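Remarks on the structure that follows.
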Amino acid sequence: MKPYRWRVSDGLWARLEPLLADPPRRFRSPGRSRYSPRVCLEGILYVLFTDTPWLEVPYRELGLPSGETCRRRLEEWIERGLLEQALEVLQGELADAGRLDWSRVIIDASLVEAKKGAAKSRGRSGARREAVSTSP
95 MKPYRWRVSD GLWARLEPLL ADPPRRFRSP GRSRYSPRVC LEGILYVLFT
145 DTPWLEVPYR ELGLPSGETC RRRLEEWIER GLLEQALEVL QGELADAGRL
195 DWSRVIIDAS LVEAKKGAAK SRGRSGARRE AVSTSP
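If you count the sequence shown from 1, position 10 lands on 104 in the numbering used here, and the numbers rise without skipping.
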């Protein structure tokens with residue numbers, strides 16, 4: 095049987111486990127036990143592979159935490175800078191193996207910071223000026 099694409103292999107998890115480990119629990123009033131980071135990562139990957147909304151993840155059928163739990167864990171990893179570190183590790187390994195195609199990289203304008211009040215470019219535009227009148 096072919097494994098699901100969002101499942102994390104043991105080899106991949108061995109590389110990511112040190113980065114995505116949970117913080118230590120409090121001694122007094124530790125609260126409920128958290129889901130393991132591995133199953134939360136699998137829930138995040140499920141949402142990315144299937145384009146399912148967070149609240150519609152069939153977590154009981156798949157043995158995953160709820161979509162909301164996975165979303166909160168993703169936000170936590172982003173705030174702590176752990177997701178960026180994990181992506182750098184994976185990116186480095188793929189680059190070393192020659193499995194990255196850098197010609198397909200896209201920068202989304204919504205992710206690139208635009209400074210307000212920045213100096214205007216002095217470069218000349220190749221676009222022609224609009225005609226003052228459209229009548230002959």
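Just so it is clear, CB atoms sit at the ideal spot from N, CA and C, and this is done for glycine as well.
All values derive from a computational prediction rather than experimental measurement.
Put simply, the backbone Cα of S160 is about 30 Å away from that of L188. Within the model, the alpha-carbon separation for R122 versus I138 is close to 30 Å. Within the same chain, and ignoring the five residues on either side of W107 in sequence, the residues whose Cβ sits closer than 7 Å to its Cβ are R132.
Taking C-beta separations shorter than 7 Å and ignoring five residues to either side along the sequence, the partners of D116 in its chain run R128 and P131, following chain order.
In this structure W196 is exposed. Its beta-carbon is surrounded by fewer than 16 other beta-carbon atoms within 10 angstroms. Per DSSP, A189 is one residue of the alpha helix (DSSP H) stretching across L176 to D190.
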